[in-house]
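Chemist: Pasting a structure below so you can have a look.
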């Protein structure tokens, strides 16, 4: 599985087309047509036993007859001859083969799925990479290696450029291509990965990011595979300052179901996907239009350092709407200094507004230099990194070319992110010609500014590689869960603050525990066979007398006996305070996951929980918690004391280290509730449940 | 204030232009140019003492010299002559005058504001309506009465049509006009209301809705005035089946601040605005592009009865993204019957997907009739009201004109809402030509479908006129607030379940109250001077002994004495259960408002409160509560009993009736918490605070 052989697929020096057709509108004919049309400089080998030339190119009867082993082979033969063609490729020493035919792993048919597995086995045995099946193909407009049957490259003329597109859907490898080309942006790579029986999107991402021409990478993902490789690609992208914008479908259960029927995509937990992208500096969007919306801004090299925005418009209404929109797109209106406001105002009529958003008003009609004068003042005096110029209506009487020149000058002199919102195409064209990014829709313009600003922050965050600094030892056993005492012990061993408790198996032990723990305790059954005690009424809270403690013990032991379960009882000190939760688990696709948020019954009701990818710092956890709806509780609600947020963060960091270092021994850990005391008082884990991972689960 | 005189402004038979200019690019010249250009059939009277003809039209030296009193006068003179012109208009019997000049109420200058007030006084004294000042003008393309100086009607050729636009911003009266014209949709009315010193947007809305040609009304609002008139207009719109789509700015505090500097707009409470629009069937959007996004669908007359969606595409990825998007836009994927799925599948290859969303796959390339065959099956067998056709890429080899004809046939035969999502302009053009609404962006297409479906539901809700069925009597007084005992008494008098309580002024009364109320009570100071007792530590909860009750009484009475406040103590039975809140108040712009949601300290933290406009039904309250995040509590969380939702709804209805019937006697009522018992156990108001309205506030 070398990236070497994949590089051969992306930048081949020779390409064979198995099933090459003279008809350029057939699957076996179109790649051949494209290779000629887009000036592929390498050797082209049409394979067709029935002809001497195909589309004018000398052809060969078989792969065996070729003068060399081709880097890339396109398999465009009918379904029943595909397997033979793959065997031929493998035998001839082809380095990578694209299989375009459909009807394999994407179906629910066992025979078709088996056929796909056989393809992969054949390829791997020969050290050949397999792309697809069910794959539209690859296109590299830097080299003309366009091994694709998409019609899009007929409709929309290619131009080499700084964008790479990799997609698990054939169509979504070319829809963003079309939208970018409409905006005059060139595309270097447009690759579809098909069923990913062998090569995955993650591998393509890594390979494409090694192309120094790529300055922006777009991904369309239905199912995340090889997350570790994508993480490696994302780290490379950040080192190279290349933004990655991903559509990841399956946000909803209906979307996941649809994805399964499309490419047999495995469902990913959507919140974990978000956390993964966040950790790796990948910006997630919901659709292809959003995916290209900010492309021009990224390609200008804009990586803003702050999120403040200045709006300049000839429309008060545009100003008002911009002010409303700012917060939702992650921007804030810059507070201009009094000096700046005064300077701006000195140019404007009294009924205009010189505070940000700056409303020049219809005074612009009388004096077209006002626009540039506003920008000159801002260039000298504003610290904001984002500028929205909004000209919803300008026409007869306005010097629009002057406005465009003034904006371009401002953009060049400041290096700041500047966009124009103008629904009139005549206005847009003037600005576009000067290089200022233009949006018809002001909200889209602001979304683009906000995205680039927020994404730049994400990209600047330090790259953290998964570590396993902590060595975790979990007792092996047959039960899927540790009992509560074992769970608390494991946590305490790693410095997590477990509630003071005793495991008791006799009334005298219970009585002693009640006394020693301070006279107000909770008494709970402790048995690995019953991980969810509440559901079996095996928890007694607020036990305030020795007599009641003993009675509770007897009752619980009887219930355990009735259930036929071996176990004891835990007596634990009652703790009161804010109920938080911390959880951790291994996601099957994305690895260790940490959850932190509202606990107790509110966990379920409000879903007010943040998801992070460990290892995390206390700062990461703090940021996540302060983004939740419960955030106000941490600083104290209605005169209550602020909570010990530091202690909660520290506990979460430790739990993250435990799951990250558990090496398959732990499947999940659930701490709920974690009682958070007032600032300085710490946290206490009141209930804990550790689930064994495969590595520690001894099957009876 | 007759709508008669406003009708004269919208449909005048004669128009005078005071300050008429020979230069069509001047404010005084452009309306004259437009009246000629757009074929105004009435009499045109340019007023210009210096000329005989203006732009070729015979002119008059003064209004006094006119042969008749004109219906409408445009005042386009320089600032210092405006007041004289208005006096002339008033004296000549003009029915409505548009003042275009700026620099009046929109400034913060006292003299300018006073000048505007004088204009209004002059007009009103003469029975003349005043439009503006700071007003771009009115445009009626049905009659050619285009009394506007916007440049937009030069840039973008008008066509009469079914849309009315009314805007508090000049620019936002023409931006949607431009976007609609780009889509080939005709616009009848495009009116800007300027500063609304006299005539408001609400009045314009009512007047325009009397035009039978208007089938869709767009509003741009910065500040809601005459809400009762807008409510009347909205009722007329629903009777006429005319959808109203409103941009209402000032959603955020920054937006409100910007609006104040734009048109001195008063801030509205944004959640109350939402409730007002909801009550009156007005659909709110955030920007002008959203405002026109679904226009074509509305104008087809589509008023869907259900929200189910069927997706047909040649792209699995489009299907997956549609499935993800559906929920967010208020649609759900239709569950097609087994028979339908089988029938669909019989036309498709095995690797295609016949369940909804329906993925025809690239098989469409081989057989272009597949698209129409899918639609024929759906026409016969599907009950869904919404259809998204998604063709992200079709080109060489696809019979796109056939697809367009098949879609148009389906649309005509079913009468259902059908839209195409296609980013390729070549594809869009084919469909557009057959009348199928086309969107480049699939998400926009789905938003339009979802909006029309949800808005149709809103428009079908019964029209409820404000009533004051309940007669409320509030004791008059000097204190802004009733004390708690008075508050509870008022509520109980209207059938609201106040907690069992006693007002006590002696230790013996307290001891008796403690006994009678069951031995667990809350003891609170009761004094109208201290409406917020908790802030002064004047509440003692969970008093379980007579001794403690007496001690609490003594403590509270001492504290009152220390505060120099006259008052007693309330002893109230403790109630436990879910904490809800119900509130009511009079919004200065929009009238009676009812709030209901999460109570206790969660009110502030989660802002989980719904806002309604009384009178409401129990069903309204229930729908609102079930839309909140606390909704799961009503059906019982983690095995807890379901709550008495019916009782909570009934209490909210009664409070709504009280505020609606209070005729200025009450400013606000705050019931927090309201303890909600298990189903059948009712609710109990534990804390109540009634604020006197102006009508009951006796100033000392």
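Chains as they are written, first to last, in our numbering: chain V, 1 to 700; chain Y, 701 to 1400.
Ideal Cβ positions, reconstructed from N, Cα and C, are used throughout, including at glycine.
In this text, all values refer to a predicted model and were calculated from it rather than measured experimentally.
(1) Output the residue ranges of the beta strand (DSSP E) runs that lie fully inside the stretch 720-793 of chain Y and measure 3 residues or longer, sorted by chain position.
(2) By the criterion of Cβ-Cβ separation under 9 Å, what are the contact partners of residue 1059 of chain Y in chain V?
(3) Alpha carbon to alpha carbon, what distance is there between residue 890 of chain Y and residue 795 of chain Y?
(4) Which parts of the stretch 539-618 of chain V are runs of the alpha helix (DSSP H), unbroken and 4 residues or longer, counting only runs that do not cross its ends?
(5) Let me know if residue 1015 of chain Y comes out buried or exposed under the rule of 16 or more other beta-carbons within 10 Å of its beta-carbon.
(6) Just grab the DSSP bridge partners of residue 137 of chain V for me.
(7) Taking the C-alpha atoms as reference points, what is the distance between residue 423 of chain V and residue 274 of chain V?
(8) Between which residues of its own chain and residue 962 of chain Y is the CB-CB distance below 8 Å, once the five residues before and five after are set aside?
(9) Which word fits residue 6 of chain V, buried or exposed, when buried means at least 16 other C-beta atoms lie within 10 angstroms of its C-beta?
(10) Using three-state DSSP, classify residue 998 of chain Y as helix, strand or coil.
(11) Just tell me which of V:499, V:555 and V:331 has its CA closest to the CA of residue 574 of chain V.
(12) Alpha helix (DSSP H) containing residue 1099 of chain Y: first to last residue?
(13) With a threshold of 16 other CB atoms inside 10 Å of the CB of residue 811 of chain Y, please say whether the residue is buried or exposed.
(14) Report yes if the CB atom of residue 644 of chain Y is closer than 7 Å to the CB atom of residue 1036 of chain Y, and no otherwise.
(15) Against residue 1141 of chain Y, what residues of chain V qualify as contacts under a CB-to-CB distance less than 8 Å, listed in chain order?
(16) Buried or exposed: where does residue 55 of chain V fall if 16 or more other Cβ atoms within 10 Å of its Cβ makes it buried?
(17) Using a Cβ-Cβ cut-off of less than 9 Å, give me the residues of the stretch 1120-1152 of chain Y that come near chain V, in sequence order.
(18) Looking at the C-beta of residue 831 of chain Y, does it have a partner C-beta in chain V at a distance below 7 Å?
(19) How would you write the range of the beta strand (DSSP E) that residue 1047 of chain Y sits in, first residue to last?
(20) May I have the straight-line CA-CA distance separating residue 1066 of chain Y from residue 1048 of chain Y, to the nearest angstrom?
(21) Which ranges does the beta strand (DSSP E) cover as unbroken runs of at least 3 residues, wholly within the stretch 380-444 of chain V, from first to last along the chain?
(22) Strictly under 7 Å for the Cβ-Cβ distance: is residue 323 of chain V near chain Y by that measure?
(23) Pick helix, strand or coil for residue 1224 of chain Y, following the three-state DSSP scheme.
(24) Please state if the CB of residue 972 of chain Y and the CB of residue 1386 of chain Y are separated by a distance shorter than 7 Å.
(25) Output yes or no for whether 7 Å exceeds the beta carbon distance between residue 560 of chain V and residue 525 of chain V.
(26) One question on the structure: do residue 658 of chain V and residue 474 of chain V come within less than 7 Å of each other, judged by their Cβ atoms?
(27) Tell me, please, whether the CB atom of residue 25 of chain V is closer than 7 Å to any CB atom in chain Y?
(28) Just to confirm the assignment: which complete beta strand (DSSP E) runs, minimum length 3, are found wholly within the stretch 1146-1223 of chain Y?
(29) With a threshold of 16 other CB atoms inside 10 Å of the CB of residue 712 of chain Y, please say whether the residue is buried or exposed.
(30) According to the Cβ coordinates, are residue 644 of chain V and residue 676 of chain V closer than 7 Å?
(31) For the beta strand (DSSP E) containing residue 1391 of chain Y, list its first residue and its last residue.
(32) For the alpha helix (DSSP H) containing residue 715 of chain V, list its first residue and its last residue.
(33) Residue range of the alpha helix (DSSP H) that residue 124 of chain V falls in?
(34) List in chain order: all unbroken alpha helix (DSSP H) runs of 4+ residues lying wholly within the stretch 610-678 of chain V.
(35) Flag this pair as touching only if the stretch 1016-1025 of chain Y and the stretch 986-1000 of chain Y have three or more C-beta atom pairs under 8 Å; answer yes or no.
(36) So the candidates are Y:899, Y:878 and Y:863; which of them puts its Cα closest to the Cα of residue 888 of chain Y?
Modeler: Considering the structure as presented:
(1) 743-747 and 772-775
(2) In the second chain, the residue the question calls residue 1059 of chain Y occupies position 359. Those are 258, 261 and 262, listed as they occur along chain V.
(3) Along the second chain, read from residue 1 onward, the residue named residue 795 of chain Y stands at position 95. Along the second chain, read from residue 1 onward, the residue named residue 890 of chain Y stands at position 190. Spanning the two alpha carbons is a distance of roughly 20 Å.
(4) 546-562 and 602-606
(5) As a first step, residue 1015 of chain Y is located in the second chain; it is residue number 315 there, counting from the start. Looking at its Cβ environment, which holds 16 or more other Cβ atoms inside 10 Å, residue 1015 of chain Y is buried.
(6) Counted from its first residue, the first chain places residue 137 of chain V at position 137. BP columns for residue 137 of chain V point to V:148.
(7) As a working mapping, residue 423 of chain V is identified with position 423 in the first chain. As a working mapping, residue 274 of chain V is identified with position 274 in the first chain. Rounded to whole angstroms, residue 423 of chain V to residue 274 of chain V spans 34 Å at the Cα level.
(8) The sequence position of residue 962 of chain Y within the second chain is 262, counting from 1. Once the five neighbours on either side are set aside, the close Cβ partners of residue 962 of chain Y are 806, 869 and 922.
(9) Within the first chain, the letter at position 6 stands for residue 6 of chain V. With 16 or more other Cβ atoms within 10 Å, it is buried.
(10) Here residue 998 of chain Y is taken as the residue at index 298 of the second chain, counted from 1. Of the three classes helix, strand and coil, the one that applies to residue 998 of chain Y here is helix, per DSSP.
(11) The residue labelled residue 574 of chain V in the question sits at position 574 within the first chain. Closest by alpha carbon: V:499.
(12) If you number the second chain from 1, residue 1099 of chain Y lands on position 399. Taken as a continuous stretch (DSSP letters only), residue 1099 of chain Y belongs to no alpha helix (DSSP H), as it is neither H nor E.
(13) Locating residue 811 of chain Y in the second chain gives position 111, counting from the first residue. Classification of residue 811 of chain Y: exposed, given that the 10 Å Cβ count is below 16.
(14) Chain Y is shown only over 701 to 1400; residue 644 of chain Y falls outside these bounds and no answer can be derived.
(15) Residue 1141 of chain Y sits at position 441 when you count from the first residue of the second chain. 287 and 289, listed in chain order.
(16) As a first step, residue 55 of chain V is located in the first chain; it is residue number 55 there, counting from the start. Burial call: buried.
(17) 1123, 1124, 1125, 1126, 1140, 1141, 1142, 1143 and 1144
(18) The sequence position of residue 831 of chain Y within the second chain is 131, counting from 1. Chain V contact via Cβ: absent.
(19) Mapped onto the second chain, residue 1047 of chain Y falls at position 347. From DSSP, residue 1047 of chain Y is part of no beta strand (DSSP E) but of the alpha helix (DSSP H) over 1038-1047.
(20) For the purposes of this step, residue 1066 of chain Y is taken as the residue at position 366 of the second chain. For the purposes of this step, residue 1048 of chain Y is taken as the residue at position 348 of the second chain. Computed Cα separation, rounded: 11 Å.
(21) 386-390 and 417-421
(22) Position 323 of the first chain, counted from the start, is the residue given in the question as residue 323 of chain V. Judged by the 7 Å Cβ criterion, residue 323 of chain V is in contact with chain Y.
(23) By 1-based counting over the second chain, the position of residue 1224 of chain Y is 524. Here residue 1224 of chain Y sits in strand by DSSP.
(24) Against the second chain, residue 1386 of chain Y aligns to sequence position 686. Against the second chain, residue 972 of chain Y aligns to sequence position 272. No. Outside cutoff.
(25) In the first chain, residue 560 of chain V corresponds to position 560, counting from 1. In the first chain, residue 525 of chain V corresponds to position 525, counting from 1. Taking 7 Å as the Cβ cut-off, residue 560 of chain V and residue 525 of chain V qualify as a contacting pair.
(26) The residue labelled residue 658 of chain V in the question sits at position 658 within the first chain. The residue labelled residue 474 of chain V in the question sits at position 474 within the first chain. No; because the gap between Cβ atoms is not below 7 Å, this pair is not in contact.
(27) Here residue 25 of chain V corresponds to residue number 25 of the first chain, with the count starting at 1. Closer than 7 Å to some Cβ of chain Y, the Cβ of residue 25 of chain V qualifies, so yes.
(28) 1201-1204
(29) For the purposes of this step, residue 712 of chain Y is taken as the residue at position 12 of the second chain. Buried.
(30) Looking up residue 644 of chain V in the first chain gives position 644. Looking up residue 676 of chain V in the first chain gives position 676. Result yes, Cβ atoms of residue 644 of chain V and residue 676 of chain V sit closer than 7 Å.
(31) For the purposes of this step, residue 1391 of chain Y is identified with residue 691 of the second chain, where counting begins at 1. 1388-1392 is the extent of the beta strand (DSSP E) around residue 1391 of chain Y.
(32) The displayed coordinates of chain V run from 1 to 700. Any statement about residue 715 of chain V would go beyond what the structure contains.
(33) Position 124 of the first chain, counting from 1, holds the residue named residue 124 of chain V. Per DSSP, residue 124 of chain V belongs to the alpha helix (DSSP H) from 110-125.
(34) 618-626, 631-634 and 645-660
(35) no
(36) Residue mapping note: residue 888 of chain Y aligns to position 188 of the second chain, counting from 1. Of the candidates Y:899, Y:878 and Y:863, the one whose C-alpha sits nearest the C-alpha of residue 888 of chain Y is Y:863.
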